[in-house]
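For what it's worth, the numbering used here labels the leading residue of the sequence shown as 27, then goes sequentially.
Beta carbons: idealized from backbone N, C-alpha and C, even for Gly.
Have a look at the structure below before the remarks.
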Amino acid sequence: MTSAIKDKIFNLCNLERMSKLLFCLSVLALSGLLSLTTPQTAWGIPLVDQDSFGGRVMAQSKNTNVPTEVVKAVRQDLSRRTNIPGEQLKLQQASQQTWPNGCLGLAGPDEFCTQALVEGWRVIMSYKDQTWTYRTDSQGRTLRLEN
């Protein structure tokens with residue numbers, strides 16, 4: 027084949043451009059496969075994890091824009107349990123969670139829980155040198171004290 031014919035075929039097919047396109051598509055396909063085999067949230071946190079209480083935490087993120095109704099519900103419950111005025115209980119930390127069931131991963135021994143994933147919050151409150159950790163649903167209607 028002459029050089030002129032090769033040049034015409036190369037220009038016609040634009041092999042260099044096609045090879046770059048194929049390379050990019052291959053990289054995208056491989057990265058997609060990798061993300062399917064190692065599921066993670068946008069923060070790089072595994073989707074399924076064991077917490078220190080044996081419950082499964084399905085996902086978590088560090089969003090601290092916890093709704094005021096969630097903080098209010100936790101503060102009211104903790105104030106009722108401890109007789110500490112609610113305004114003296116401080117919000118230390120809050121993170122979004124996906125709980126494994128309606129019991130927020132903290133079912134009692136003879137308790138039946140819905141088996142649907144529940145979006146919610148893990149809220150840490152404090153008073154002086156004491157801290158309490160709560161699990162809630164997304165609106166603070168269901169809450170559980172971890173410790």
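Evaluate the contact criterion for the segment 100 to 113 versus the segment 127 to 146: three or more CB pairs, one atom per stretch, below 8 Å. Because the criterion of three Cβ pairs below 8 Å is not met, the segment 100 to 113 and the segment 127 to 146 do not touch.
Alpha carbon to alpha carbon, how far is R170 from R82? Give it in angstroms, no decimals. Any reading at R82 is ruled out, since the residue's pLDDT is 48, under 50, leaving its predicted position unreliable.
Inside the segment 93 to 137 only - alpha helix (DSSP H) runs reaching at least 4 residues: Uninterrupted alpha helix (DSSP H) stretches at least 4 residues long and entirely within the segment 93 to 137 occur at 94 to 108, given in chain order.
Residues near A133 by beta carbon distance below 6 Å, same chain, minus five either side: For A133, where only same-chain residues beyond five positions count, the Cβ hits under 6 Å are C139.
Cα-Cα separation between Q76 and Q122, rounded to whole angstroms: Confidence at Q76 is low in this model, with a pLDDT of 48, below 50, so the placement of that residue should be treated as unreliable; the coordinate-derived value is given next. Distance between Q76 and Q122, taken at the CA atoms: about 16 Å.
Looking at the structure shown, is L143 part of a helix, part of a strand, or coil, going by DSSP? Residue state for L143 is assigned as coil, using DSSP reduced to three classes.
Quick one: what's T168 bridged to in DSSP? Paired residues: none, contrary to the question.
Any idea what DSSP makes of T67, helix, strand or coil? Low local confidence applies: a pLDDT of 40 at T67 is under 50, so the model's placement there is unreliable, and no value is given.
Alpha carbon of N181 to alpha carbon of E145, nearest angstrom: Within the shown structure, residues of the chain are numbered from 27 to 173, placing residue 181 beyond reach of any answer.
Assuming Y153 and I110 form a contact by the criterion Cβ under 8 Å, report the distance between their Cβ atoms to the nearest whole angstrom. Indeed, because the Cβ distance is near 5 Å, the residues count as touching under 8 Å.
Which class does D163 belong to by DSSP, given the choice of helix, strand or coil? Residue state for D163 is assigned as strand, using DSSP reduced to three classes.
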